[in-house]
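The opening residue of the sequence shown carries number 24 in my numbering; numbering runs sequentially from there.
Glycine residues also receive a C-beta, built at the ideal position from the N, C-alpha and C atoms.
Okay, structure first, notes after.
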Amino acid sequence: MPADRDGVLIVGSINADVTAYSSRLPEPGETFAGEAFELGLGGKGANQAVAVARAGAAAHMVGCVGDDAFGTLVTTGLGEHGVGLTHVRRLADAHTGIAHIRVAGGENDIVIVSGANAALDDGQLDAAFSALGDRVAVLLTQLETPLETTLGAVRRAHAAGITVILDPAPARELPDEIWPLVDIIKPNETEAALLTGIAVDSAESAARAGRWFLERGARAAIVTMAGAGSVLVTAEGASEHPPLRVDAVDTTAAGDAYAGHLAASIAAGLSLVAAVQRATAAGAVTVTRRGASASIASAAEVDELLAR
Ligand code: RIB
Numbered sequence: 024m025p026a027d028r029d030g031v032l033i034v035g036s037i038n039a040d041v042t043a044y045s046s047r048l049p050e051p052g053e054t055f056a057g058e059a060f061e062l063g064l065g066g067k068g069a070n071q072a073v074a075v076a077r078a079g080a081a082a083h084m085v086g087c088v089g090d091d092a093f094g095t096l097v098t099t100g101l102g103e104h105g106v107g108l109t110h111v112r113r114l115a116d117a118h119t120g121i122a123h124i125r126v127a128g129g130e131n132d133i134v135i136v137s138g139a140n141a142a143l144d145d146g147q148l149d150a151a152f153s154a155l156g157d158r159v160a161v162l163l164t165q166l167e168t169p170l171e172t173t174l175g176a177v178r179r180a181h182a183a184g185i186t187v188i189l190d191p192a193p194a195r196e197l198p199d200e201i202w203p204l205v206d207i208i209k210p211n212e213t214e215a216a217l218l219t220g221i222a223v224d225s226a227e228s229a230a231r232a233g234r235w236f237l238e239r240g241a242r243a244a245i246v247t248m249a250g251a252g253s254v255l256v257t258a259e260g261a262s263e264h265p266p267l268r269v270d271a272v273d274t275t276a277a278g279d280a281y282a283g284h285l286a287a288s289i290a291a292g293l294s295l296v297a298a299v300q301r302a303t304a305a306g307a308v309t310v311t312r313r314g315a316s317a318s319i320a321s322a323a324e325v326d327e328l329l330a331r
């Protein structure tokens with residue numbers, strides 16, 4: 024990575040998260056009274072952009088929102104976190120992406136309706152890469168926007184010498200051509216299992232899944248396993264990274280906090296091991312609070328947890 028580059032380009036989704044908190048989830052067909060409601064900035068791309076900014080790196084977002092009240096809500100939220108919005112397009116003919124989230128017992132489930140996120144296109148990628156392609160150090164992208172644009176972003180970044188980090192969430196099958204273009208893939212155990220066909224239920228199986236990505240051309244794999252920590256696999260071998268114990272209130276965006284802090288750390292020139300340690304701490308702080316982008320850990324909180 025050239026020394027004069029810094030910051031992270033985030034190509035991905037921007038959602039309004041509509042979240043209901045309850046003591047348990049309703050049975051199918053049941054109506055059940057919840058305890059609290061929140062409306063806020065979410066979307067895996069936007070959360071990761073906020074995490075990059077909270078980690079102290081320059082965050083440049085590429086995405087789409089609708090010309091509606093939720094569009095104003097999410098762009099205001101991104102702007103308040105200092106995320107660059109030059110390459111966020113506002114569309115008159117689509118609604119802002121929506122995530123309908125239920126949180127019960129510290130766990131969540133999510134239904135997304137992609138809306139404007141589905142309109143992210145090559146023209147936007149061209150504009151963003153021509154303005155920022157020789158300045159940013161890292162591309163961070165996910166799978167909540169059209170696969171063709173994910174591939175387009177990864178191809179452009181690889182060609183420009185930008186470190187490519189792919190968070191394959193939500194999981195879906197990917198073409199083999201993507202792996203040699205990916206520097207770091209960061210699946211959780213479910214995503215790793217779907218992509219590799221290897222059931223991930225231990226550090227040993229996580230390492231095997233990690234090696235599957237390297238055999239296809241990726242440079243490094245980090246398989247996260249929620250409460251069981253993560254396994255980093257590189258050409259040098261596999262290393263286990265234990266979890267940091269905290270009281271989980273809401274796991275929403277924990278993976279996004281992890282990905283954003285990882286990307287910011289790599290952009291700052293940290294080693295992969297040091298970046299994984301900071302990302303692990305960021306995920307741990309994030310689950311102690313409610314919400315998506317609103318819950319994401321800052322660099323100071325990561326420092327504090329790691330010092331304990
Ligand atoms: O990763 C959490 C995010 O997934 C939520 O913010 C929601 O918008 C969905 O995209």
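- Every unbroken stretch of the beta strand (DSSP E) spanning 3 or more residues and falling wholly within the stretch 44 to 103 is given here in chain order: 59 to 65 and 82 to 89.
- In this structure, Gly86 sits away from Ala315, with a CB-CB distance that is not shorter than 8 Å.
- Within the model, the alpha-carbon separation for Thr303 versus Asp206 is close to 19 Å.
- Look at Glu196 here: in three-state DSSP terms it is coil, with no helix or strand label.
- When the beta-carbon positions are compared, Val256 and Val310 stay at least 8 Å from each other.
- Listed in chain order, the non-local C-beta contacts of Ala117 below 7 Å within the same chain comprise Gly89, Gly138, Ala139 and Ala142, local neighbours out to five positions each way being set aside.
- The beta carbons of Thr172 and Asp149 sit no closer together than 8 Å.
- Proximity of the beta carbon of Ala315 to the ligand RIB is indicated: a heavy atom of the ligand is located closer than 7 Å.
- Going by DSSP, Ala141 is part of no beta strand (DSSP E) at all; its letter is neither H nor E.
- Here the alpha carbons of Gly233 and Val254 stand approximately 8 Å from one another.
- Counting along the chain, the unbroken beta strand (DSSP E) around His123 starts and ends at Gly120 to Ala127.
- Following the DSSP letters along the chain, one finds Val246 inside the beta strand (DSSP E) bounded by residues Ala243 to Thr247.
- With contacts defined by Cβ atoms closer than 8 Å, Ala176 and Thr164 form a contacting pair.
- Shown here, Ala154 sits in a helix according to DSSP, grouped into three states.
- Taking the C-beta atoms as reference points, Arg125 is found nearer than 8 Å to Ser45.
- Taking the C-beta atoms as reference points, Leu162 is found no nearer than 8 Å to Pro191.
- Rounded to the nearest whole angstrom, the C-alpha separation of His104 and Ala287 is 15 Å.
- With a cutoff of 7 Å, Gly86 does not count as near the ligand RIB, since its C-beta is closer than that to no heavy atom of the ligand.
- A buried status is given to Asp279, since no fewer than 16 other beta-carbon atoms sit within 10 Å of its beta-carbon.
- Spanning the alpha carbons of Arg28 and Phe152 requires a straight line of approximately 13 Å.
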